[in-house]
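So the working numbering is basically just the index in the sequence shown, starting at one, shifted up by 245. Heads up, the thing below is written out as structure tokens.
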Amino acid sequence: MQGTVDGFGYGLVTPVAAYLMACLGGALGLRCTTRSVRNGGRSRPGWLALGSAAIGSGIWTMHFIAMMGFTVAEAPIGYDRTVTFASLAVAVVMVGVGVFIVGYRGATVMALVTGGTLMGLGIASMHYLGMAGMRLRGTIEYDTLTVALSVVIAVVAATAALWAAVSVHRFSASLLASLVMGIAVSGMHYVGMAAVSVHLHPTAGVPDPGESPATLLAPVLIGPLVFLLLAAAVVMFDPLLVLGEPERGAADERRRPGIPAQRATAPPRRTAAWAAEPGRRRGLAERDGR
């Protein structure tokens, strides 16, 4: 028996909230990666790790919020806690590998392709591992071509995000890149969900489906969301993360407060008297020598 699947149980509430979480995580991750690439130094690993955790947490939170709207009319849905949180670890680790590759190798074609592929596979792995944590009296089946399309979307989105992190430095441009990344990640999620069909089992002898979505709501929203807010505070208190690298002239003025910029002066005009001045000085010296 096929179950009646609905991915929008709360209307547009869950898709919009999920999209905002993906944008927040993407924006923080992009700015942290930009900061590490442009300024380097011993703090680079820390900024890259913060960016990886922000992107991974944002994507994972986006996935779970979107899944709150997923229902099967004929069967209750539960979640296995261990598998659900293992998907968070997979997201952070694989996104981190991609971010670190680009953070240390730069915007080379090989680094972007390698890092973007690993990051995209991490996003897709998080999604389908999270789906594997679902418990219901039935079997979840997938359409192979639609799943492949969702993975391609994840890889392309991840590669574009990494390119933006190392190539786009203005805050407004990074904000636009994070909005596009949110669309791509949300698109990947809902394309993947379009591949889902549920084959229901008889009710007799079916084990308990596990924890309900309401039970997992608190740790999922409170934990990663608090982390994202703390990461946002770090970003907002670092001008280089918000505004990018300052202009050289502006940086010099900040290093020397209260000293006005020097005015550019035109070189003196070379007149005939000026040209004759060295000869006149030599004649006076010879006369004094006598």
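The beta-carbon is built from N, C-alpha and C at its ideal position, and this holds for glycine as well.
ask   = Going straight from the alpha carbon of Tyr387 to that of Gly303, what length do you get?
value = Here residue 387 corresponds to residue number 142 of the sequence shown, with the count starting at 1. Here residue 303 corresponds to residue number 58 of the sequence shown, with the count starting at 1. Each residue's CA atom was taken as its position, placing Tyr387 and Gly303 some 25 Å apart.
Requested in this report: Just list the alpha helix (DSSP H) runs in the stretch 310-350, keeping only unbroken ones of 4 residues or longer that don't cross its boundaries, in chain order.
Outcome: Correct list: 326-350.
Quiz item: From Gly494 to Ser332, what distance separates their C-alpha atoms?
Solution: For this step, residue 494 is matched to residue 249 along the sequence shown. For this step, residue 332 is matched to residue 87 along the sequence shown. With a pLDDT of 41 at Gly494, under the threshold of 50, the modelled position of that residue is not reliable, and no figure is offered here.
By the DSSP assignment, the beta strand (DSSP E) with Leu445 in it spans what residues?
Within the sequence shown, numbered from 1, the residue matching residue 445 stands at position 200. Where Leu445 is concerned, the enclosing beta strand (DSSP E) stretches over Val441 to Leu445.
query: Excluding five sequence neighbours on each side, which residues of the same chain lie with their C-beta closer than 7 Å to the C-beta of Val328?
result: For the purposes of this step, residue 328 is identified with residue 83 of the sequence shown, where counting begins at 1. Answer for Val328: Leu374, Ala377 and Gly378, listed in chain order.
- Query: Out of curiosity, what's the CA-to-CA distance linking His444 and Asp325?
  - Reply: For the purposes of this step, residue 444 is taken as residue 199 along the sequence shown, with counting starting at 1. For the purposes of this step, residue 325 is taken as residue 80 along the sequence shown, with counting starting at 1. Taken atom to atom, the span from the alpha-carbon of His444 to that of Asp325 is near 19 Å.
On the DSSP letters alone, give me the boundaries of the beta strand (DSSP E) that Gly383 sits inside.
Locating residue 383 in the sequence shown gives position 138, where the first residue counts as 1. Its beta strand (DSSP E) spans residues Gly383 to Tyr387.
Look at the alpha carbon of Ile346 and the alpha carbon of Gly361, and state the distance between them as a whole number of angstroms. Translated into positions along the sequence shown, residue 346 becomes position 101. Translated into positions along the sequence shown, residue 361 becomes position 116. Taking the straight line joining both Cα atoms gives about 9 Å.
Open item on the list: To the nearest angstrom, how far is the alpha carbon of Gly291 from that of Val250?
Closed with: Translated into positions along the sequence shown, residue 291 becomes position 46. Translated into positions along the sequence shown, residue 250 becomes position 5. Between the C-alpha atoms of Gly291 and Val250 there is a straight-line separation of about 42 Å.
Helix, strand or coil for Met246? Go by DSSP, reduced to three states.
Working through the sequence shown from its first residue, we reach residue 246 at position 1. In the structure shown, Met246 sits in coil (DSSP, three-state: anything other than H, G, I, E or B).
Discussion item. Let me confirm a value: Ser417 is counted as buried when at least 16 other C-beta atoms fall within 10 Å, else exposed. Which label applies?
Written reply: For the purposes of this step, residue 417 is identified with residue 172 of the sequence shown, where counting begins at 1. Its Cβ having fewer than 16 others within 10 Å, Ser417 is exposed.
- [ ] Check the DSSP bridge columns for Met379 and list the partner residues they point to.
- [x] The count along the sequence shown starts at 1 and reaches residue 379 at position 134. According to DSSP, Met379 bridges with Tyr324.
**Report entry** Beta-carbon spacing of Val425, Ile398 below 8 Å
**Finding:** On the sequence shown, residue 425 is found 180 positions in, with the first residue counted as 1. On the sequence shown, residue 398 is found 153 positions in, with the first residue counted as 1. No; because the gap between Cβ atoms is not below 8 Å, this pair is not in contact.
Take Gly270 and list the residues in its own chain whose beta-carbon comes closer than 8 Å to its own, dropping the five residues that flank it on each side.
The residue given as residue 270 occupies position 25 in the sequence shown. Only Ala299, Ile300, Gly301, Ser302, Gly303, Ile304, Thr306, Met307 and Leu473 meet the Cβ criterion.
Compare the Cα-Cα distances from Gly367 to each of Leu381, Arg280, Ser297 and Phe309 and report the closest residue.
-> Taking the first residue of the sequence shown as position 1, residue 367 is located at position 122. Of the candidates Leu381, Arg280, Ser297 and Phe309, the one whose C-alpha sits nearest the C-alpha of Gly367 is Ser297.
So the candidates are Thr279, Gly252 and His372; which of them puts its Cα closest to the Cα of Ser412? As a first step, residue 412 must be located in the sequence shown, where it is residue number 167. Closest option to Ser412, Cα to Cα, is Thr279.
- request: Within 10 angstroms of the Cβ of Met438, are there 16 or more other Cβ atoms? Answer buried if so, exposed if not.
  value: Taking the first residue of the sequence shown as 1, we reach residue 438 at position 193. It counts as buried.
So, are the CB atoms of Leu357 and Trp408 less than 8 Å apart? The residue you call residue 357 lines up with position 112 of the sequence shown. The residue you call residue 408 lines up with position 163 of the sequence shown. Trp408 sits close to Leu357, with the two beta carbons spaced by under 8 Å.
Practice prompt. Return the residue from the list Met312, Thr404 and Phe309 that minimises the CA-CA distance to Ala429.
Written response: By one-based count along the sequence shown, residue 429 stands at place 184. Just measuring C-alpha positions, the residue of Met312, Thr404 and Phe309 sitting nearest Ala429 is Thr404.
Q: Less than 8 Å between the CB atoms is what I'm expecting for Leu275 and Ala406, so what's the real figure, rounded?
A: One-based indexing of the sequence shown puts residue 275 at position 30. One-based indexing of the sequence shown puts residue 406 at position 161. About 7 Å separates the Cβ atoms of Leu275 and Ala406, confirming a contact at the 8 Å cut-off.
Quick check on this structure: which residue in Val342, Gly254 and Ser288 has the alpha carbon closest to the alpha carbon of Ala311? Here the question's residue 311 lines up with position 66 in the sequence shown. With distances taken between Cα atoms, Ala311 lies closest to Gly254.
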